[in-house]
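First up is the structure itself, then whatever we jot down about it.
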Amino acid sequence: MKRLVVILAFFAAGCAQNLTAPLNSVPVTSMAEYFWTAGTTETLNSDIITTRDSGGVLLADDSNPSGAFQTTLVCRVSADSVVAEGFIDSSLIDLDPYTYFIEGDTNAPLPRHPGGVVLLRSNPLVDSSWRAGTIGRYSSPNEKPFPVEARLLERLDTLNVNGVSYPDVLVIRYAHELADFSADSTKPYWVIFYARGRGPIMFDKVKGTLFERRAILP
Amino acid sequence: MATFEEKILAYLDDSLSGEEREDVLRETQASTPARALFDAHVRLGSLYALAAKPIGAPLALQRELASKVPVLALKLPYLAMPEKRRKRALAWLWELPSFRMNALLVLLAALLAGGVWFAVRGGQSGLRGPVSQKFSSQPATTDGPSVSGKTPQNISSPIANVARASTAPHIAISGKTHASDWTHTTHSTKFQKITLPQNVAVKERFATQQPTFAEPAPPAALALRAIEVSQPPAMFHAAGAIPIFANPAQENSYTPVRVFVAEDIRSTRLAPQTNPSEVVKRYGLWQTNVMSEGMEFGIDFETSPWMAFGLRAGDAQFVQEQQVLHLVTKSGSYPHLTSEVTETALLGPFAPWACAAATYTPNPGERLQYSFTAAAGDIFLSGFSPTILGEGAAIYSFNDAFGLRASFSYQAAWVTSANPIEASPPQGNSNVSGSSVQSVTSKLYPSQSLGFSLGVTFHP
Numbered sequence: 001m002k003r004l005v006v007i008l009a010f011f012a013a014g015c016a017q018n019l020t021a022p023l024n025s026v027p028v029t030s031m032a033e034y035f036w037t038a039g040t041t042e043t044l045n046s047d048i049i050t051t052r053d054s055g056g057v058l059l060a061d062d063s064n065p066s067g068a069f070q071t072t073l074v075c076r077v078s079a080d081s082v083v084a085e086g087f088i089d090s091s092l093i094d095l096d097p098y099t100y101f102i103e104g105d106t107n108a109p110l111p112r113h114p115g116g117v118v119l120l121r122s123n124p125l126v127d128s129s130w131r132a133g134t135i136g137r138y139s140s141p142n143e144k145p146f147p148v149e150a151r152l153l154e155r156l157d158t159l160n161v162n163g164v165s166y167p168d169v170l171v172i173r174y175a176h177e178l179a180d181f182s183a184d185s186t187k188p189y190w191v192i193f194y195a196r197g198r199g200p201i202m203f204d205k206v207k208g209t210l211f212e213r214r215a216i217l218p
Numbered sequence: 219m220a221t222f223e224e225k226i227l228a229y230l231d232d233s234l235s236g237e238e239r240e241d242v243l244r245e246t247q248a249s250t251p252a253r254a255l256f257d258a259h260v261r262l263g264s265l266y267a268l269a270a271k272p273i274g275a276p277l278a279l280q281r282e283l284a285s286k287v288p289v290l291a292l293k294l295p296y297l298a299m300p301e302k303r304r305k306r307a308l309a310w311l312w313e314l315p316s317f318r319m320n321a322l323l324v325l326l327a328a329l330l331a332g333g334v335w336f337a338v339r340g341g342q343s344g345l346r347g348p349v350s351q352k353f354s355s356q357p358a359t360t361d362g363p364s365v366s367g368k369t370p371q372n373i374s375s376p377i378a379n380v381a382r383a384s385t386a387p388h389i390a391i392s393g394k395t396h397a398s399d400w401t402h403t404t405h406s407t408k409f410q411k412i413t414l415p416q417n418v419a420v421k422e423r424f425a426t427q428q429p430t431f432a433e434p435a436p437p438a439a440l441a442l443r444a445i446e447v448s449q450p451p452a453m454f455h456a457a458g459a460i461p462i463f464a465n466p467a468q469e470n471s472y473t474p475v476r477v478f479v480a481e482d483i484r485s486t487r488l489a490p491q492t493n494p495s496e497v498v499k500r501y502g503l504w505q506t507n508v509m510s511e512g513m514e515f516g517i518d519f520e521t522s523p524w525m526a527f528g529l530r531a532g533d534a535q536f537v538q539e540q541q542v543l544h545l546v547t548k549s550g551s552y553p554h555l556t557s558e559v560t561e562t563a564l565l566g567p568f569a570p571w572a573c574a575a576a577t578y579t580p581n582p583g584e585r586l587q588y589s590f591t592a593a594a595g596d597i598f599l600s601g602f603s604p605t606i607l608g609e610g611a612a613i614y615s616f617n618d619a620f621g622l623r624a625s626f627s628y629q630a631a632w633v634t635s636a637n638p639i640e641a642s643p644p645q646g647n648s649n650v651s652g653s654s655v656q657s658v659t660s661k662l663y664p665s666q667s668l669g670f671s672l673g674v675t676f677h678p
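So the protein sequences, as listed, match chains A and B.
According to the working numbering, the residues represented by the first sequence are 1 to 218, in order.
According to the working numbering, the residues represented by the second sequence are 219 to 678, in order.
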């Protein structure tokens, strides 16, 4: 009788066949695989990205061919996270004029200082989020800074951009979120697509009805 | 020193040597009473020979004889006592290939049926009485001679008594097997004999009162010297005896086929995708357990009372995977991204199935039989979908032909996936589109079911 019970228990526990695990459930081992490495040059519409290493810090020069615009992104890339500083108006993360990622939270006293944004965090799950940074003006007492949440919207098996397929793409939104976790439509938000082994391949900016996309050129 | 009548009986049985036979004939010719006695026996012999028919011996009687004469059980394994046969069956089970699924199947079937077996049987073992009791109700013959009060009116009581009274001083038992002859004789003043030539029939002979030489008694009053009675084998089968045929013609009259039909209730566990989309939810099963009802049919050909081979078929609900491809216009609730999502829906189609089956019955001929079946076959559903079946059944016989059948079953199936479907039209001229696979569709989806069935059996 004891053996019968054991066998029936074994049956009850093990007879249901699980479906094969999709890519979504495969853990991400290193976030560095989803970001640029030193010596990379990418063209995203009118922006040209050139990266270089500087004492363990990745510097990414964001410019356009006319030379009218240039900024340098300072990126700290590790297996656990990717943090970048230096985004400005018209850069890949196209901030509104006179707004920046600032140091500290929304109650940071004046004058405020430049801060960074946590672009990637280790092993994210779909629909999970983390505090990416704070956006505000450096010295405006009237406009209160707002927080930016990063949220993994999707993990795509492939993303086709202009006929080119990129495997294993993370789709992450950076937005000021409302209580229901939707994006605040009164403020801009950004969606960045990170391809494994390639880095960021597409940058979207949405503000109300305005939509701007910078995609990697084949 | 044998009496003259015993010599006559031995003469008629062809058990005398040539010289002894001549002595009997010589004595018969020399004496009128001896000749009368001899003629009376000859007449009786011819008279009863007209009514003599072979008989299928009850299994219980055969086993009792085999318990006293071990060579019978060696030559005819089914005559071994139930404990020995069970040991042999267990050995057969343990010699099965030990891959996991088969072992689980066999153990499950054996333990399930074993629990029922012990519950119903109450731990008793050994031969069962009703066999001979039922047998005793059979008339010996309708056209046989009338007999006196001491002569048996039927064959059951004398046979059973003789067979069980192993210490009775007047019994001589002889038999013949394929390999050797055997004889067991005790102190014999009277002469009774049970003969099992090739285990085909039982002959019973009784010597009664000694007739007077001067006035031979009429046959019925003189002695019931030999009775050979037969019953149709099928009747003995229903009564619990194993049919053993006297000749090929009789063998042809027995149909070793049994069929059944049953209503089967099955429980199948499944593990669907944990986060199905609204689109794919329309296509499949999303609970973790499916209960279904179906029909099961079976037909078996008995190669022996214990083993039968045949077919199992039915209509049952199985679990089948299907790849569903659909377009999500707001992938991740982001309105500027469309993606094709591949998901796997679990369908629950009903489909016919058929298996070749082997059935072992440890207690054939009893009113409540148990059987264990292993079967393998195919599910007729989009390509080759193998399935295996293990079943433990209990059959209660109402009469010769019909019985009530209950069974527990375990069925494993590997069902070929259904053709993929596109739940929404493919994307248009978008330059950017994503695709993701929420769950991967395998070629064969394994599922396992536990079932209980209730039905009727028919044994023509």
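Every residue, glycine too, gets a C-beta built ideally from N, C-alpha and C.
Quiz item: Are there 16 or more other CB atoms within 10 angstroms of the CB of residue 679 of chain B, so buried, or fewer, so exposed?
Solution: Any property of residue 679 of chain B remains undetermined from this structure, which presents chain B solely from 219 to 678.
Quiz item: At what residues does the beta strand (DSSP E) containing residue 621 of chain B begin and finish?
Solution: Run containing residue 621 of chain B: 620-634, per the beta strand (DSSP E) assignment.
Quiz item: Of all the CB atoms in chain A, is at least one closer than 8 Å to the CB of residue 555 of chain B?
Solution: Taking Cβ atoms only, chain A reaches closer than 8 Å to residue 555 of chain B, which makes this a yes.
Quiz prompt | is_contact[residue 204 of chain A, chain B] using C-beta, thresh 8 Å | solution = A Cβ of chain B is located within less than 8 Å of the beta carbon of residue 204 of chain A.
Practice problem: Locate the beta strand (DSSP E) running through residue 517 of chain B, then write down its first and last residues. | Solution: Boundaries of the beta strand (DSSP E) around residue 517 of chain B: 507-520.
Quiz item: Of the residues that make up the region 179-195 of chain A, which ones have a beta carbon closer than 8 Å to any beta carbon in chain B?
Solution: Taking 8 Å as the Cβ-Cβ cut-off against chain B, the residues of the region 179-195 of chain A that qualify are 182, 191.
Exercise. Please classify residue 166 of chain A: does DSSP put it in a helix, a strand, or coil?
Key: Strand at residue 166 of chain A.
Quiz item: If you draw a straight line from the C-alpha of residue 445 of chain B to the C-alpha of residue 473 of chain B, how long is it?
Solution: Confidence is the limiting factor: at residue 445 of chain B the pLDDT is only 37, short of 50, which leaves the residue's position unreliable and the question unanswerable from this model.
Practice problem: Kindly list, in the order they appear in chain B, the residues whose Cβ is closer than 7 Å to that of residue 157 of chain A. | Solution: Residues of chain B passing the Cβ test: 653, 654, 655.
Self-check item: Burial state of residue 610 of chain B (16 or more Cβ within 10 Å)
Solution: Residue 610 of chain B sits buried, since 16 or more C-beta atoms from the chains shown fall within 10 Å of its C-beta.
Self-check item: Nearest-angstrom Cα separation, counted from residue 276 of chain B out to residue 223 of chain B
Solution: Looking at the two C-alpha atoms, the distance is approximately 32 Å.
Quiz item: Which residues in the same chain have their Cβ closer than 7 Å to the Cβ of residue 598 of chain B, if we skip the five residues on either side of it in sequence?
Solution: Apart from the 5 residues on each side of it in sequence, residue 598 of chain B sits with its Cβ closer than 7 Å to the Cβ of 569, 570, 571 in its chain, given in chain order.
Practice problem: Establish whether the CB of residue 680 of chain B and some CB of chain A are separated by less than 8 Å. | Solution: Not covered by the structure: residue 680 of chain B. The range shown for chain B is 219 to 678.
Quiz item: Using DSSP with H/G/I as helix, E/B as strand and the rest coil, what is residue 221 of chain B?
Solution: Three-state DSSP puts residue 221 of chain B in coil, outside helix and strand.
Practice problem: Spell out whether any CB of chain B is found under 8 Å from the CB atom of residue 162 of chain A. | Solution: At least one CB atom of chain B sits nearer than 8 Å to the CB of residue 162 of chain A.
Exercise. Go through its chain and collect everything with a Cβ distance to residue 166 of chain A's Cβ below 7 Å, but skip five positions before and after it.
Key: If you ignore the 5 residues before and after residue 166 of chain A, its C-beta comes within less than 7 Å of the C-beta of 158, 159, 195, 198, 201, all in its own chain and listed in chain order.
Self-check item: Simplified DSSP assignment, three categories, for residue 279 of chain B
Solution: Three-state result, residue 279 of chain B: helix.
Quiz item: chain B partners of residue 215 of chain A, CB-CB under 9 Å?
Solution: Simply 649, 650.
Self-check item: Min CB distance residue 169 of chain A to chain B below 8 Å
Solution: Interface criterion met: the Cβ of residue 169 of chain A is under 8 Å from a Cβ in chain B.
Quiz item: How far does the beta strand (DSSP E) with residue 43 of chain A in it reach, from first residue to last?
Solution: Unbroken beta strand (DSSP E) run through residue 43 of chain A: 41-44.
Quiz item: Shortest alpha-carbon distance to residue 494 of chain B belongs to which of B:547, B:250, B:562, B:513?
Solution: For the residues B:547, B:250, B:562, B:513, the minimum Cα distance to residue 494 of chain B belongs to B:562.
Quiz item: When you compare each of A:116, A:65, A:38 to residue 53 of chain A by their alpha carbons, which one comes out closest?
Solution: Considering only alpha carbons, the answer is A:38.
Practice problem: Rounded to whole angstroms, what's the CA-CA distance from residue 145 of chain A to residue 65 of chain A? Just pull it up for me. | Solution: Their Cα atoms are separated by approximately 33 Å.
Quiz item: Opposite residue 287 of chain B in the DSSP bridges: which residues?
Solution: Residue pairing by DSSP places residue 287 of chain B in no beta bridge whatsoever.
Exercise. Could you name the residues that DSSP lists as bridge partners for residue 590 of chain B?
Key: Under DSSP, residue 590 of chain B takes part in a beta bridge, and its partners are B:578, B:610.
Quiz prompt | Nearest to residue 44 of chain A (by Cα), restricted to the options A:189, A:91, A:133 | solution = For residue 44 of chain A, the nearest C-alpha among the options comes from A:91.
Quiz item: Using 8 Å as the limit for Cβ to Cβ distance, is residue 495 of chain B near chain A?
Solution: It does not: the Cβ of residue 495 of chain B has no partner Cβ on chain A nearer than 8 Å.
Quiz item: Does the beta-carbon of residue 208 of chain A have 16 or more other beta-carbons within 10 angstroms, so that it is buried, or is it exposed?
Solution: Per the 10 Å Cβ criterion, exposed.
Quiz item: Nearest-angstrom Cα distance between residue 121 of chain A and residue 556 of chain B?
Solution: The alpha-carbon separation between residue 121 of chain A and residue 556 of chain B amounts to approximately 25 Å.
Practice problem: For residue 530 of chain B, write down the residues that DSSP places opposite it in a beta bridge. | Solution: Looking at the DSSP assignment, residue 530 of chain B forms a beta bridge with B:516, B:573.
Quiz item: Quick one: is residue 535 of chain B buried, meaning 16 or more other Cβ sit within 10 Å of its Cβ, or exposed?
Solution: So residue 535 of chain B counts as buried.
Quiz item: Is residue 228 of chain B helix, strand or coil by DSSP?
Solution: Looking at residue 228 of chain B - three-state DSSP - the assignment turns out to be helix.
Self-check item: Distance between residue 632 of chain B and residue 638 of chain B (C-alpha atoms, nearest Å)
Solution: Near 18 Å, if we compare the C-alpha coordinates of residue 632 of chain B and residue 638 of chain B.
Exercise. Tell me whether residue 520 of chain B is buried or exposed, calling it buried when 16 or more other Cβ atoms sit within 10 Å of its Cβ.
Key: That one is buried.
Self-check item: Collapsed DSSP secondary structure at residue 250 of chain B in the structure displayed
Solution: The three-state reading of DSSP puts residue 250 of chain B in helix, counting H, G and I together.
Quiz item: Within 8 Å (strictly less), CB to CB, does residue 35 of chain A reach chain B?
Solution: Interface flag for residue 35 of chain A against chain B is unset, since no Cβ pair is found closer than 8 Å.
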